[in-house]
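Order-wise, the sequence lines are chains A and B. When you line the first sequence up against the working numbering, it's residues 526 to 910, in that order. When you line the second sequence up against the working numbering, it's residues 408 to 568, in that order. By construction, the Cβ of each residue, glycine as well, lies at the ideal position given by its N, Cα and C atoms.
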Amino acid sequence: MEIAKRVQQLAPSGIRAFFDLVLNMKDVISLGVGEPDFVTPWHIREKAIYTLEKGYTSYTSNKGMPELRKHVVHFLKNRHGLSYHYDEEILITVGVSEGLDLAVRAIVNPGDQILIPEPSYVSYGPVVDLAGGKPVFLKTTIENRFKLTSEQIDQACKRGSRKIKGLLINYPANPTGASYTKAELKELARVIKKHNLIVISDEIYDELTFDFDHTPFATIEGMKKQVIYLNGFSKAYAMTGFRIGWACGPREVIAAMTKIHQYTMLCASITAQMAAEEALKSGFRDTQEMKREYARRRRYIVDALNEIGLTCHKPEGAFYVFPSIESTGQKALDFAKNLLQKKKVALVPGVAFGSSCEGYVRISYASSYDNLKEAMARIKNYLGK
Amino acid sequence: MDEILEILTKDARMTAEDVAKLTGKSVGAVKKAIQQYEKNGVIVQYKTVINHDLMRDTNSFVRALIEVNITPQKNVGFDSIAERIYGFPEVKSCYLVSGTYDLLVVVEGENIQMVANFIASKLAPMENVRGTTTHFLLKKYKEDGHILKKSNHRKTLNISY
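1) If you compare alpha carbons, which of B:K557, B:V512, B:S567 and B:V434 is closest to N458 (chain B)?
2) Does DSSP put T618 (chain A) in a helix, a strand or coil?
3) If we count the other Cβ atoms within 10 Å of its Cβ and call it buried at 16 or more, is A891 (chain A) buried or exposed?
4) Could you pull out every residue in the same chain whose Cβ sits closer than 7 Å to the Cβ of K417 (chain B), ignoring the five residues on either side in sequence?
5) Hey, which unbroken runs of the alpha helix (DSSP H) at 4 residues or more fall wholly within the segment 847-893 of chain A?
6) Closer than 8 Å by C-beta to H542 (chain B): which residues in its own chain qualify, once you throw out the five before and the five after it? Chain order, please.
7) Assuming the contact rule is C-beta atoms closer than 8 Å, P775 (chain A) and F543 (chain A) should be a hit. Round their C-beta distance to whole Å, please.
8) Just to confirm before moving on: does the CB-CB distance between L835 (chain A) and S849 (chain A) stay below 8 Å?
9) Should L655 (chain A) be counted as a contact of the ligand ZN given a C-beta to heavy atom distance under 7 Å?
10) Note down the Cα distance separating V449 (chain B) from D409 (chain B), rounded to an integer number of angstroms.
11) Could you give the distance in angstroms between the alpha-carbon of I425 (chain B) and the alpha-carbon of Y894 (chain A)?
12) From what residue to what residue does the beta strand (DSSP E) around A772 (chain A) run?
13) Identify the contact partners of V547 (chain A) in chain B, using a Cβ-Cβ distance below 8 Å as the criterion.
14) Comparing C-alpha positions only, which one of A:A743, A:R531, A:C773 and A:E802 sits nearest to M764 (chain A)?
15) By the 10 Å Cβ neighbour count, where 16 or more other Cβ atoms means buried, how is V532 (chain A) classified, buried or exposed?
16) Entirely within the segment 689-730 of chain A and at least 3 residues each: give me those beta strand (DSSP E) ranges in chain order.
17) DSSP state of R687 (chain A), grouped into three classes?
18) Could you compute how far the alpha carbon of R570 (chain A) sits from the alpha carbon of R768 (chain A)?
19) Examine the Cβ distances between the segment 571-584 of chain A and the segment 895-903 of chain A and report whether three or more of them are shorter than 8 Å.
20) Nearest to G657 (chain A) by alpha carbon, out of A:L673, A:E814, A:N634 and A:T666?
21) Looking at chain B, which residues of the segment 549-563 of chain A have a Cβ within less than 8 Å of any of its Cβ atoms?
22) If you pair each beta-carbon of the segment 728-746 of chain A with each one of the segment 699-712 of chain A, do three or more pairs fall below 8 Å?
23) Rounded to the nearest angstrom, what separates Y609 (chain A) and E728 (chain A) at their Cα positions?
24) Using 8 Å as the cut-off, can you tell me whether the segment 739-759 of chain A makes contact with the segment 617-624 of chain A, which would need three or more C-beta pairs spanning the two stretches below that distance?
25) Terminal residues of the continuous alpha helix (DSSP H) containing P591 (chain A)?
26) What does F544 (chain A) touch in chain B if you count any residue whose Cβ is under 8 Å from its own?
27) Are the C-beta atoms of R824 (chain A) and some chain B residue less than 8 Å apart?
28) H553 (chain B) to F563 (chain A), Cα distance in whole Å?
29) Near L710 (chain A), which residues of its chain fall below 7 Å by C-beta distance, leaving aside the five closest residues on each side in sequence?
30) Name the DSSP bridge partner or partners of T541 (chain B)?
31) Does any C-beta atom of chain A lie closer than 8 Å to the C-beta of L429 (chain B)?
32) Starting from N756 (chain A), follow its DSSP beta bridges and name the residues at the other end.
33) How big is the Cα-Cα spacing for G494 (chain B) and V483 (chain B)?
34) Using only the alpha-carbon positions, how far apart do K869 (chain A) and I667 (chain A) sit?
35) Whose Cβ in chain B lies nearer than 8 Å to the Cβ of V647 (chain A)?
36) For R903 (chain A), go through chain B and note every residue whose CB falls closer than 7 Å to its CB, in chain order.
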């Protein structure tokens with residue numbers, strides 16, 4: 526069967542083969558996991574079970590159940606002072622992944638350019654490509670703690686022959702853990718407003734911000750009308766498998782996204798929606814407890830990596846560190862393969878997150894302290910130290 | 408709760424070095440804090456949680472919860488009689504509770520006879536004990552926050568974005 530060119534052109538590359546190798550290997554200590562090692566808190570799982578017992582197995586409104594939308598809106602108001610109308614400015618999505626796809630498809634015309642800081646989450650480029658747009662990657666560096674600068678945005682907008690439509694940003698970021706303070710966001714907002722860009726802001730790791738309070742992009746003065754705010758339950762509540770999230774934004778863009786969503790997805794699963802409602806109602810304590818645990822592991826892993834000569838900055842959020850492996854003289858993919866085969870430790874080569882990320886690896890510390898300790902000992906041993 | 412205690416509550420095997428790495432405190436400071444907790448009795452003991460149901464040795468293990476009604480005494484209330492009861496090594500826990508009885512006593516023994524014998528000969532005849540109701544434990548599901556059923560830990564993928 527002939528596959529569409531657009532799909533054929535999506536990059537699988539050497540990373541795919543490496544992933545398959547890891548997935549099929551037994552007894553690996555994995556620091557390659559992009560999800561919490563906690564199981565969903567029991568009260569949330571129990572709610573999901575209860576709704577199934579009660580027979581809640583139908584479709585819901587395309588936009589998501591009104592109760593859940595109201596709860597999200599209420600939560601955003603309380604937590605961040607952010608106001609959205611529950612019926613017009615929010616859409617319940619099948620995880621942030623779907624929200625991202627909808628947002629991009631809702632705003633991108635063929636050939637439109639979207640700025641994406643690199644290293645970036647793996648789906649950003651392909652989602653823009655699939656929508657017929659063109660991703661423009663802006664390389665961030667360890668010297669600037671992997672943060673995008675307003676000059677980079679400004680220069681890209683001046684350089685581009687075509688108009689740049691928007692910026693796709695994720696903070697705290699997968700894979701670098703980089704995040705932005707309110708002051709830093711204000712500075713980005715200055716040039717964003719100047720060039721009238723739409724911001725698609727993926728803030729799925731927001732509750733895992735360690736060194737300062739997380740600031741949603743939409744709360745920066747004058748930005749709300751230009752921001753599509755994406756978030757969900759996967760990381761804060763350890764609910765990855767439920768596939769549930771939300772998108773908030775100006776009514777016209779939410780209406781456009783809802784239009785695509787109703788034809789392609791119909792609605793998010795009712796079980797997940799009801800579990801998510803429970804998470805918002807009484808899950809805040811769980812999120813804080815998990816955050817404290819991650820914060821401790823972050824402290825350990827950053828010190829441990831620097832100690833064995835893998836230079837690593839202390840990321841502000843998420844559960845990843847992004848150390849440089851330059852001192853080993855190896856390519857990221859070779860390093861990852863050798864480490865896996867010789868010491869049975871899995872991690873993700875930086876090149877998975879962009880061509881400019883050679884020389885780095887992503888280490889997830891969503892793993893128990895015992896595992897982290899053992900993995901560090903093995904890496905140290907592998908490096909001959 | 409202090410972070411040091413939070414860590415040790417989850418895993419008492421954590422060394423002062425481990426705790427220091429996780430909290431960013433110096434090893435010396437952690438050691439000092441732990442010693443202080445031990446000295447002033449905040450940290451009582453370091454123990455291992457064992458699921459006796461899974462042990463294959465011959466010595467079985469019986470545990471009973473006993474509701475004890477007592478007559479409080481002038482000036483000392485329940486304390487002095489409680490002290491007489493919890494002094495027995497068979498008594499693993501002893502709580503003063505509100506409700507229809509006064510003391511909840513947890514007694515352990517190698518078999519039913521030993522526990523029954525303790526109640527009949529030691530606990531029930533005690534002066535000021537007005538009555539006891541004994542509940543033998545049939546199955547332990549969860550203890551001190553630990554679910555005792557060996558769980559099939561959920562499978563996450565070895566690697567994911």
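Taking the definition as stated:
1) Looking at the Cα atoms, B:K557 is the closest of the given residues.
2) strand
3) Flag for A891 (chain A) reads buried.
4) Closer than 7 Å at the Cβ level, and outside the excluded window around K417 (chain B), lies no residue.
5) 857-868
6) Same-chain partners within the cutoff: A471, L472, I473 and E474.
7) P775 (chain A) to F543 (chain A), Cβ: 41 Å. No contact.
8) Cβ atoms of L835 (chain A) and S849 (chain A): closer than 8 Å.
9) The ligand ZN is not part of the structure shown, which contains no ligands of any sort.
10) Those two C-alpha atoms are separated by around 11 Å.
11) In the sequence as displayed, the identity of residue 425 (chain B) is Asp instead of Ile. In a straight line, the C-alpha of D425 (chain B) is about 9 Å away from that of Y894 (chain A).
12) G770 to C773
13) N565 and I566
14) A:E802
15) exposed
16) Within the segment 689-730 of chain A, the complete beta strand (DSSP E) segments of 3 residues or longer fall at 689-695 and 723-727, listed in chain order.
17) coil
18) 14 Å
19) no
20) Selected option, being the one with the closest Cα: A:N634.
21) So the list reads M550, V553, S555, G557, V558, G559, E560 and D562, given in the order they occur along the chain.
22) yes
23) 16 Å
24) yes
25) P591 to H605
26) I566
27) yes
28) 15 Å
29) Closer than 7 Å at the Cβ level, and outside the excluded window around L710 (chain A), lie T740, F742 and I745.
30) DSSP output for T541 (chain B) lists B:I473 as bridge partner(s).
31) yes
32) A:W771
33) 17 Å
34) Here the alpha carbons of I667 (chain A) and K869 (chain A) stand approximately 27 Å from one another.
35) Y568
36) The contacting residues do not exist; R903 (chain A) stays about 15 Å from chain B at best.
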